[in-house]
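Notes follow once the structure below has been shown.
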C-alpha cells in the first residue's frame, strides 16, 4: 500500500507540469561549495568553490555577501584549510592531478603561494592550530613513506619540528589545548581498535582503552581543561556512543547515546558548545549542547534536508553551516547565535533547473535473497508511471564499508531527470547500520553483498513503473568492483554494467596500496584477505580472472593518477572483456585520480554514461 501511495504521488506531480529534461552542462552549471573558516575579525568566511571549473579558494564577505575568488588554479584542485589567527593569510591543501600526495601551502596577502611541506613523495595534512596560535600541527610521512608522524610548524619562521615519531603505525587523533596529551588509535579490523594517550612531557605512550575483539574506540577530542578525553565506542552496543575518560583517574562516564552511530563530536573555541553529528538512517542529525547551561541550542527552522559542517567562530557568537537535500546542493548559511535571522551566503543551484523535475529521495527497505533486510535510497523519475515504464540502475557505493546517504548528487539527478530510476543501496557490509551488519561481508565479498544487488534488481522489477527487462548496475571504487563482480559472477542478472575506477584484481590492489595506508593495512587484510597468504581466495573473487563469463555490455571510467585503483586494473579488465567479443567502452582521464574533480571531466563522464545507457539499456 505504501508503494501505491508513492506511485500515485508521483503521478500527480507528473500531471501537474510537463517534464523537462536537462543537459549535463546545465547540471554542471551548479556550483559546489565546501569548507568554512572565519577570519580573525569575523567579517568573512574562507570556503572552496568549483565555480571556475576546478576547486579554488574563495572568500565570502559577511556584510555584503559578495563572493571573491582568492586562488586561480586551472590544473590542480585547491582546498582552503584556514585563515591565519591574526591576519587574512591562509593555508590550503593541494595535490598533483589527483595523486593524493597533498602538500600544505601558505597563501600570502599579495596572492603568492609557498609550499610549506615540499617533497616529491611526502604527504602532509593539517591537523589543528596550537592554542596560542603561534604554530600549527600537521601530519606527514616525509621521514618514512609508511609512517605518519606529527609535526609542529612555527608561523613566524615556518620551520617545523618532529614532535611524535609514529613507528607503530598508529592513527593520530587529537591534541589537548595545553599541548600535554595526544590521542592515538590502533586499528586491527573495522570493528576492533584500541585507544592510546601520549604524554609529550615524559614521552609515555599509554594504552587506555582496549578489548580483545569487536570493540571500536576512536578519539573525539579533549575537554577544554585537558582533564578528559572524549571518545566514541561501540562496547556492548551495535551503534557508537560518546563517553569521556578521566586522564587523572581513568574513570569513564557516558556522555551521549543515540539510536544510531555518533560519528562526530567537537567543541567550540572555549568549549562552550559541543557539536555532535549522528548518522540517522543515511541522513545527518546535528545536536548542539551549551556545556555551561546544559541546554541544547535550537537552530532556526530550515527546509527539509541535512545540516552539516557546523563551524562556530572564535567569539562563539557566530555560526556557519551547510544545508542541502537530495534535490538541492549544499549552500553555506550564516547565523548569529541566539538571533532569529539566518542568512544564506551562496547559491549553488542553476536557476534554470526546476527542482520539481528532479528525483525525490525515498528511504526504502527490501529483503535480500536470504531474508536479510537491506536499506536503500530510491530516486524515481518524475515522468515515470505505469503507462511510461522506465529502465533502472542499481547503484553501489564505495568502500568497503561506505554508505549511500541522502544528499545531492549531480550524476544521480542527471540520470533520473533523463528517465532512469536509481536505487542507491546499502548492501551488507555498509556502514551506519550497526557493527554486525557492517561485518557481514568480511572475507565473503561478491557473495552475500552481490546477492543484495540481485535482490535490489528484483525489488525494482516489483514496481509498476519500472521496465523490468532493462536494469543495469553502476558504481565507483568498491562499487565499481561490485559492478564487475555482477558482470562476471552473475552474468545473466544485469543488462549492463558501469564500472567507475573499480577494483578488478584484489591481489594487485592489496599488494600496491599506498605506503601511507600502513596504519590500515592489517585491517584491510583481515576484511578482504591477505594477498601474500590468501592469493587463491583473492583470485577467486577478482573479476579479472573470470572475464570469460562476462556477456553483457560494460563501460569503464578511470583516472590515470589514481593511487588506490591503478589504471592497469582497468586496462587489463577492458582487454579481457574485448577477448570475449563483448561490447566494452573505456575512457581514461589523464588529469584525474580516484574521483573526477574537474567540471569538464565530470561533463564528459556523465555524457558518456548516459550515451552508453541509451545505447544498450534504453528501449526506444
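Numbering (the working numbering), first residue to last: 32 to 651. Think of the CB as a built atom: it goes at the ideal place given N, C-alpha and C, for glycine as much as any other residue.
Which of the three DSSP states is assigned to residue i in this structure?
{"i": "residue 358", "result": "coil"}
{"i": "residue 491", "result": "helix"}
{"i": "residue 574", "result": "helix"}
{"i": "residue 289", "result": "coil"}
{"i": "residue 385", "result": "coil"}
{"i": "residue 467", "result": "helix"}
{"i": "residue 37", "result": "Residue confidence for residue 37 is low, a pLDDT of 39 falling below 50, so the modelled location carries little weight; the figure read from the coordinates is stated next. Helix."}
{"i": "residue 110", "result": "strand"}
{"i": "residue 642", "result": "helix"}
{"i": "residue 584", "result": "coil"}
{"i": "residue 536", "result": "coil"}
{"i": "residue 407", "result": "strand"}
{"i": "residue 350", "result": "strand"}
{"i": "residue 154", "result": "coil"}
{"i": "residue 546", "result": "helix"}
{"i": "residue 480", "result": "helix"}
{"i": "residue 595", "result": "coil"}
{"i": "residue 85", "result": "coil"}
{"i": "residue 144", "result": "strand"}
{"i": "residue 120", "result": "coil"}
{"i": "residue 568", "result": "helix"}
Of all the options the options, which has the alpha carbon lying nearest to the alpha carbon of residue i?
{"i": "residue 429", "options": "95, 106, 210, 625", "result": "625"}
{"i": "residue 375", "options": "440, 338, 621, 402", "result": "338"}
{"i": "residue 589", "options": "299, 578, 577, 604", "result": "604"}
{"i": "residue 120", "options": "63, 142, 128, 539", "result": "142"}
{"i": "residue 276", "options": "250, 290, 587, 367", "result": "250"}
{"i": "residue 132", "options": "600, 146, 612", "result": "146"}
{"i": "residue 524", "options": "356, 399, 599, 482", "result": "482"}
{"i": "residue 406", "options": "454, 126, 122", "result": "454"}
{"i": "residue 438", "options": "600, 238, 359, 540", "result": "359"}
{"i": "residue 284", "options": "262, 135, 271", "result": "262"}
{"i": "residue 218", "options": "75, 607, 555", "result": "555"}
{"i": "residue 103", "options": "357, 122, 83, 95", "result": "83"}
{"i": "residue 162", "options": "299, 518, 149, 243", "result": "299"}
{"i": "residue 107", "options": "240, 637, 327, 627", "result": "627"}
{"i": "residue 86", "options": "94, 100, 73, 316", "result": "100"}
{"i": "residue 342", "options": "356, 328, 365", "result": "365"}
{"i": "residue 612", "options": "196, 547, 579", "result": "579"}
{"i": "residue 512", "options": "426, 124, 154, 259", "result": "426"}
{"i": "residue 441", "options": "641, 648, 177", "result": "641"}
Could you check how far apart the C-beta atoms of residue i and residue j are, in whole angstroms? I think they sit under 8 Å.
{"i": "residue 531", "j": "residue 503", "result": "Not confirmed; about 13 Å, so no contact."}
{"i": "residue 110", "j": "residue 363", "result": "With 8 Å as the limit, residue 110 and residue 363 do not qualify as a contact, their Cβ atoms being about 15 Å apart."}
{"i": "residue 266", "j": "residue 294", "result": "Going by Cβ atoms, the distance from residue 266 to residue 294 rounds to 17 Å, so no, they are not a contact pair."}
{"i": "residue 514", "j": "residue 528", "result": "4 Å"}
{"i": "residue 575", "j": "residue 536", "result": "5 Å"}
Quick check on the DSSP output: the beta strand (DSSP E) that includes residue i runs from which residue to which?
{"i": "residue 340", "result": "337-343"}
{"i": "residue 179", "result": "178-185"}
{"i": "residue 235", "result": "235-240"}
{"i": "residue 376", "result": "Element bounds for residue 376: n/a, residue is neither H nor E."}
{"i": "residue 230", "result": "223-230"}
{"i": "residue 100", "result": "98-100"}
{"i": "residue 437", "result": "Here residue 437 belongs to no beta strand (DSSP E), and DSSP marks it neither H nor E."}
{"i": "residue 314", "result": "314-321"}
{"i": "residue 193", "result": "191-195"}
{"i": "residue 412", "result": "Per DSSP, residue 412 belongs to no beta strand (DSSP E) and is neither H nor E."}
{"i": "residue 134", "result": "134-138"}
Between which two residues does the alpha helix (DSSP H) holding residue i run?
{"i": "residue 605", "result": "598-609"}
{"i": "residue 448", "result": "441-448"}
{"i": "residue 514", "result": "509-520"}
{"i": "residue 57", "result": "55-59"}
Would you tell me roughly how many angstroms separate the C-alpha atoms of residue i and residue j, rounded to the nearest one?
{"i": "residue 7", "j": "residue 345", "result": "Since the displayed the chain opens at 32 and closes at 651, residue 7 lies outside it and no answer follows."}
{"i": "residue 350", "j": "residue 446", "result": "35 Å"}
{"i": "residue 226", "j": "residue 335", "result": "37 Å"}
{"i": "residue 484", "j": "residue 71", "result": "50 Å"}
{"i": "residue 199", "j": "residue 470", "result": "25 Å"}
{"i": "residue 392", "j": "residue 411", "result": "8 Å"}
{"i": "residue 400", "j": "residue 584", "result": "25 Å"}
{"i": "residue 39", "j": "residue 493", "result": "Note that residue 39 has pLDDT 39, beneath the 50 cutoff, so the model's placement of it is unreliable and the number below is only indicative. The alpha-carbon atoms of residue 39 and residue 493 are separated by roughly 16 Å."}
{"i": "residue 322", "j": "residue 255", "result": "11 Å"}
{"i": "residue 320", "j": "residue 431", "result": "33 Å"}
{"i": "residue 236", "j": "residue 550", "result": "17 Å"}
{"i": "residue 76", "j": "residue 420", "result": "47 Å"}
{"i": "residue 561", "j": "residue 459", "result": "21 Å"}
{"i": "residue 223", "j": "residue 204", "result": "16 Å"}
{"i": "residue 43", "j": "residue 94", "result": "Its pLDDT being 40, under 50, residue 43 is placed unreliably by the model, and the measurement read from it follows with that caveat. So the two alpha carbons sit approximately 43 Å from each other."}
{"i": "residue 158", "j": "residue 615", "result": "44 Å"}
{"i": "residue 541", "j": "residue 118", "result": "45 Å"}
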